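Trainee:
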Amino acid sequence: MLRSLFSAISGLRANQTMLDVTGNNIANANTAGYKGTSIVFQDTLSQMLTSASAPAGNRGGTNPIQVGLGVQVGGTTTNLNQGSAQATGRATDLMIQGDGFFMVRRNGEDLFTRAGAFSFDSAGQLVTLDGDTVQGYRADAAGNIAGGNPVDVTVPEMADENAANPLRSYNIGGDGVITGIFDDGTRRPLFQLALANFANPEGLERAGDTAFRESTNSGAAQVGAPGSGRRGSLIGGSLEMSNVDLAQEFTNLIVAQRGFQATSRVITTSDSVLEELVNIKR
């Protein structure tokens, strides 16, 4: 059989994967916090027809003669560039300006996301659209932020309007501090949101619902307050939109389509050559 047939089949598979990746990016062009993915190809093993030879006597050296055996998907890379800001006016919609991820907990597992569309539930917990609880640091009765491990951001005052000094309003600052404004006019920090960063954020695994989880190559989560270390600050009343560049994605569609078409033509040509061989004895 002709090697070109199998090389072309690998090209069809690789370009189909490129179409899959590009199609997913375009589908998420309006997904808050989504980070686009690009694909990288690499060649496979090459068949050695003649090995290299060293110079000897009056003869010079020769280079190896090799024939490639196709293409394969080398990997996918995540584009972590900042997405554009969309103002929503909702106090619990938050956007990270800079590096870092919101830390949320889903069924006992810590996940990380750039999508800051949060809200308070009936128990006063700050949750995502899917009910994952946002993580942060609790403030004591004096308003001092305690360190340690992050916990669920829960503001019981949100659910109790009959308290002796009920909570009237709140705001979330760029440092992630949720400040409560009480009926008697006092203001007191209640919680501070936590942000996580990683040595290799591109190594994170996608967990669905625009969230990521740690992998063996991302490094452990480095959790801290917004604005500390390499963690960015927060912008209230805004969401980070998808960083997908539609112009680039449609160009990638054309490239993948033409690549698929070209490798299909290789199969057709190889088939014609085989047909000629079969018909030699006619």
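Sequential numbering from 372 applies to the sequence shown in this note's numbering. The beta carbon of each residue, even a glycine, is placed where N, CA and C say it ideally should be. Note that this is a predicted model, so its numbers are computed, not measured.
Which runs of the beta strand (DSSP E) at least 3 residues long sit entirely within the segment 490-527? Give them in chain order.
Mentor: Taking only runs of at least 3 residues, the beta strand (DSSP E) segments lying wholly in the segment 490-527 are 504-509.
Trainee: Rounded to a whole number of angstroms, what is the C-alpha to C-alpha distance between PRO527 and SER493?
Mentor: Taking the straight line joining both Cα atoms gives about 9 Å.
Trainee: What is the C-beta distance between LEU451 and PRO597, in whole angstroms, given that I count them as a contact (C-beta under 8 Å)?
Mentor: Not quite, the Cβ-Cβ distance comes to about 17 Å (not below 8 Å), so this is no contact.
Trainee: Give me whichever residues DSSP pairs with MET612 in a beta bridge.
Mentor: For MET612, which the question treats as bridged, DSSP gives no partner whatsoever.
Trainee: Within the same chain, show all residues whose beta-carbon is closer than 7 Å to that of GLY445, passing over the 5 residues directly before and after it, in chain order.
Mentor: Here the set comprises VAL411, PHE412 and GLN413.
Trainee: Give the secondary structure of LEU645 by DSSP, where H, G and I count as helix, E and B as strand, and everything else as coil.
Mentor: LEU645: helix per DSSP, three-state reduction.
Trainee: Using 10 angstroms around the beta-carbon of MET419, count the other beta-carbons present and answer buried if the total reaches 16, otherwise exposed.
Mentor: With fewer than 16 Cβ atoms within 10 Å of its Cβ, MET419 is classed as exposed.
Trainee: Residues in the same chain with beta-carbon distance under 7 Å from LEU610, minus the five sequence neighbours each way, listed in chain order, please.
Mentor: Hits under 7 Å: ALA403, GLN457, THR459, ASP464, MET466, GLY487 and ALA488.
Trainee: Select from ALA570, GLY545 and ASN399 the residue whose C-alpha is nearest the C-alpha of LEU617.
Mentor: When each option's Cα is compared against that of LEU617, the closest is ASN399.
Trainee: Can you give me the Cβ contacts of GLN468 inside the same chain, cut-off strictly under 6 Å, excluding the 5 residues immediately before and after it?
Mentor: Excluding positions up to five away in sequence, the list reads GLY603, SER604 and ILE606.
Trainee: Would you identify the three-state DSSP class for LEU563, choosing helix, strand or coil?
Mentor: Rather than Leu, the amino acid found at residue 563 in this sequence is Gln. Three-state result, GLN563: strand.
Trainee: When you compare the CB positions of LEU482 and ALA578, do they come within less than 7 Å of one another, or not?
Mentor: Yes, the pair counts as a contact, with Cβ atoms nearer than the cut-off.
Trainee: Look at ASP501 and ASP580 and say whether their C-beta atoms are less than 7 Å apart.
Mentor: Their beta carbons are under 7 Å apart, which means ASP501 touches ASP580 by this criterion.
Trainee: Just to confirm, is the Cβ distance from THR415 to ILE436 under 7 Å?
Mentor: No, they are not a contact pair.
Trainee: Start and end of the alpha helix (DSSP H) containing ALA379?
Mentor: It spans 374-398 - the alpha helix (DSSP H) in which ALA379 sits, taken as one unbroken run.
Trainee: Note down the Cα distance separating VAL594 from ARG584, rounded to an integer number of angstroms.
Mentor: Computed Cα separation, rounded: 14 Å.
Trainee: Nearest CA to the CA of SER635: which residue from GLY382, SER540 and GLN453?
Mentor: Considering only alpha carbons, the answer is GLY382.
Trainee: Assuming ASN542 is part of the beta strand (DSSP E), what are its boundary residues?
Mentor: Taken as a continuous stretch (DSSP letters only), the beta strand (DSSP E) holding ASN542 covers 538-543.
Trainee: Can you round the beta-carbon distance between ALA510 and LEU561 to whole angstroms, since I take them to be within the 8 Å contact cut?
Mentor: Yes, ALA510 and LEU561 are in contact; Cβ-Cβ is about 6 Å, under 8 Å.
Trainee: Name the one or two DSSP bridge partners that SER424 has.
Mentor: According to DSSP, which records beta bridges pairwise, SER424 is partnered with THR433.
Trainee: Sort GLY407, LEU575 and SER641 by Cα distance to ASN588 and report the nearest one.
Mentor: It is LEU575.
Trainee: Below 8 Å on the Cβ atoms is my contact criterion, and I expect ASN396 with VAL615 to pass it. Report the Cβ-Cβ distance as a whole number of Å.
Mentor: Confirmed, Cβ separation roughly 5 Å.
Trainee: Which residue's Cα is closest to the Cα of GLY495: ASP470, GLU532 and ILE516?
Mentor: The residue with the shortest Cα to Cα distance from GLY495 is GLU532.
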